[in-house]
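Single-structure report; data block below.
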Amino acid sequence: MQLKNIEIDCQYPANRSFINFKHSIVQCSISKNSVEYKMLLKRAGTLANAVNPAAANASDFWRDDSRLLQDSFGGVLAEEGWMQYLNTKFSNVASPTPFTQAMSQIDIRLLNGELAEVRSSFPRNGVKFGICSEKANFNNIGPYSNSVKPGEIQKHFYLGVLFDTQKDMLLSDEQVVFSLVGGSTWKMMVEVGRDVDLVPDGGVTKNKSTYRVIKFKDALDALGVIDTIESSGYVRTQNP
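Numbering (the numbering used here), first residue to last: 308 to 547.
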């Protein structure tokens, strides 16, 4: 997987419907012919197969095998991208939590025990639109809103990914491209977040739930996430 630091200037070129700010992202790309791609696809297949028995017995789950594989593959890529980025910056501090059951969330665990949850979306008008649009700014998705208690941290970080490659092309395009666009801390979700009813991209259920969210324009960008993790006691091994 190739990782590339990019700074998005929302007003270059000038656009009246975009906000006026700059935002750092990390663009990730992976070739369909690579060994890594095949390994991650196999991992996604294992997750999809674990979900499938539940899908056969519950109307609110996606039942189509190819859709399950797409959803799983998108999630696996997003998590792997963030893990590789964090491990590049902090020298192998991030690893996945164990897979325990089909419907459970696989998170990223940092060396000192902090948990980071990764959510992804597929903006049809592009990653820049998802970050820069004033009216249609995409959400950094956090916890279920009914589980938010200010003094009780569930996940320390909520990390976001926006895909350049559309979901229906994940398994067919010769190269998959997506971007690590930033995230929010638990404290930000509690103090700044708002409640929104939505169906997250990449989920195995098509039922709406109420989540705590922060617009990406109000969240940390990719470098801001690294700075925040560094401020919590980790030693950065690569700059910027």
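Yeah, the Cβ is synthetic: ideal placement off N, Cα and C, and Gly gets one too.
With 16 other CB atoms within 10 Å as the buried threshold, where does A351 fall? Counted from its first residue, the sequence shown places residue 351 at position 44. So A351 ends up on the buried side.
Taking the straight line between their C-alpha atoms, what separation do you get for K339 and F464? The residue you call residue 339 lines up with position 32 of the sequence shown. The residue you call residue 464 lines up with position 157 of the sequence shown. Distance between the alpha carbons of K339 and F464 is about 30 Å.
Kindly indicate which three-state DSSP category S486 falls into: helix, strand or coil? Taking the sequence shown and counting its residues from 1, one reaches residue 486 at position 179. Secondary structure of S486 (DSSP, three-state): strand.
Thinking just about the alpha-carbon of each residue, which of D378, L422, M346 and R374 is nearest to the one in W574? This structure does not reach residue 574, given that the chain is present from 308 up to 547, and the question cannot be answered.
Three-state class that DSSP yields for G382 in the structure shown: Walking along the sequence shown from the start, residue 382 turns up at place 75. Of the three classes helix, strand and coil, the one that applies to G382 here is helix, per DSSP.
Beta-carbon proximity of S491 to A529, cut-off 8 Å: Counted from its first residue, the sequence shown places residue 491 at position 184. Counted from its first residue, the sequence shown places residue 529 at position 222. No.
Measure how close the beta-carbons of V488 and Y392 come, nearest whole angstrom, since I'm counting them as under 8 Å. Position 181 of the sequence shown, counted from the first residue, corresponds to residue 488. Position 85 of the sequence shown, counted from the first residue, corresponds to residue 392. Rounded to whole angstroms, the Cβ separation of V488 and Y392 is 11 Å, and the two are not in contact under 8 Å.
Using the C-alpha atoms, what's the distance from K474 back to F328? Position 21 of the sequence shown, counted from the first residue, corresponds to residue 328. Position 167 of the sequence shown, counted from the first residue, corresponds to residue 474. The alpha-carbon atoms of F328 and K474 are separated by roughly 28 Å.
Just the Cα atoms here: how many angstroms apart are E481 and N312? Within the sequence shown, the letter at position 174 stands for residue 481. Within the sequence shown, the letter at position 5 stands for residue 312. Computed Cα separation, rounded: 22 Å.
Pairing CB atoms from the region 315 to 329 with CB atoms from the region 529 to 545, are three or more of them under 8 Å? no
With a 10 Å radius around its C-beta and 16 neighbouring C-beta atoms as the bar for buried, classify S324 as buried or exposed. By 1-based counting over the sequence shown, the position of residue 324 is 17. Classification of S324: exposed, given that the 10 Å Cβ count is below 16.
When we look at the beta-carbon of D502 and count the other beta-carbons within 10 Å, is it buried (16 or more) or exposed? Taking the first residue of the sequence shown as position 1, residue 502 is located at position 195. Classification for D502: exposed.
Of the residues L418, A355, Y344 and V499, the one placed nearest N447, counting alpha carbons only: On the sequence shown, residue 447 is found 140 positions in, with the first residue counted as 1. For N447, the nearest C-alpha among the options comes from V499.
Out of F485, M495, V497 and V542, which one is the CA nearest neighbour of I337? For the purposes of this step, residue 337 is taken as residue 30 along the sequence shown, with counting starting at 1. The residue with the shortest Cα to Cα distance from I337 is F485.
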